[in-house]
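Notes to accompany the following structure.
In the working numbering, the protein residues as written are 6 to 208.
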């Protein structure tokens with residue numbers, strides 16, 4: 006629906022568009038990409054280390070020994086602290102599931118933690134932008150519901166909701182932002198789970 010439709014009659018509005026309630030609910034679902042990802046399972050890792058990987062743990066010490074021996078022989082350490090190799094994903098398997106497998110070594114855990122921290126700030130910024138758009142529509146929806154049905158303000162807000170919704174859905178920049186946020190949401194959730202699973206198994 007185009008701008009300037011606030012003067013449309015109730016009959017014209019209902020016949021040309023879905024109800025604003027449907028629009029708002031649809032957009033809220035579309036924008037709420039982080040609804041299953043709360044701060045408890047996606048918060049940025051701190052400097053904590055699992056107790057089994059302290060300086061006295063066999064796992065930690067054996068890793069240091071392997072690294073020291075490799076350096077003495079003028080070779081690279083036996084483990085690599087580089088990002089996981091990028092493997093082309095298939096349409097059925099997301100890339101993060103291909104690149105991030107269950108953690109076996111402490112060094113692998115450290116690398117996953119670094120990868121998480123590297124992209125977490127971007128995720129938070131995108132989430133904030135998505136949330137701000139969601140909040141805007143929620144506030145419009147609340148204002149619309151408070152109006153007397155059939156009043157000028159009721160139909161003005163109704164048209165504003167529908168017009169804003171249509172513009173949002175046609176915004177390519179928004180689509181890219183939402184897609185990237187969803188990708189990071191899934192990737193960081195996966196990495197976090199792998200690290201937590203490893204830590205739980207080495208307590």
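By construction, the Cβ of each residue, glycine as well, lies at the ideal position given by its N, Cα and C atoms.
Considering residue i, what are the terminal residues of the alpha helix (DSSP H) in which it resides?
i           : result
residue 130 : 111 to 151
residue 207 : That residue, residue 207, is in no alpha helix (DSSP H); it is neither H nor E in DSSP.
residue 4   : Given a span of 6 to 208 for the chain in the structure shown, any question on residue 4 remains unanswerable.
What's the gap between the Cα of residue i and the Cα of residue j?
i           : j           : result
residue 117 : residue 124 : 11 angstroms
residue 205 : residue 119 : 19 angstroms
residue 188 : residue 132 : 12 angstroms
residue 153 : residue 164 : 15 angstroms
residue 200 : residue 185 : 22 angstroms
residue 100 : residue 176 : 26 angstroms
residue 159 : residue 170 : 17 angstroms
residue 1   : residue 208 : The question about residue 1 has no answer, for the chain in this structure spans 6 to 208.
residue 156 : residue 140 : 24 angstroms
residue 85  : residue 105 : Caution applies to residue 85, whose pLDDT of 36 falls short of 50 and renders its modelled position unreliable; the value that the coordinates give is listed next. Roughly 15 angstroms between the two C-alpha positions.
Write down the C-beta distance between residue i and residue j rounded to the nearest angstrom, noting that I regard them as a contact closer than 8 angstroms.
i           : j           : result
residue 197 : residue 135 : Residue 197 to residue 135, Cβ: 19 angstroms. No contact.
residue 138 : residue 174 : The pair is not a contact, with the Cβ atoms about 11 angstroms apart (cut-off 8 angstroms).
So is residue i in contact with chain E if we call contact Cβ pairs under 8 angstroms?
i           : result
residue 139 : Of the protein chains in this structure there is only one, and it is not chain E.
Task: Whole beta strand (DSSP E) elements within the stretch 165 to 205, 3-residue minimum - done: none
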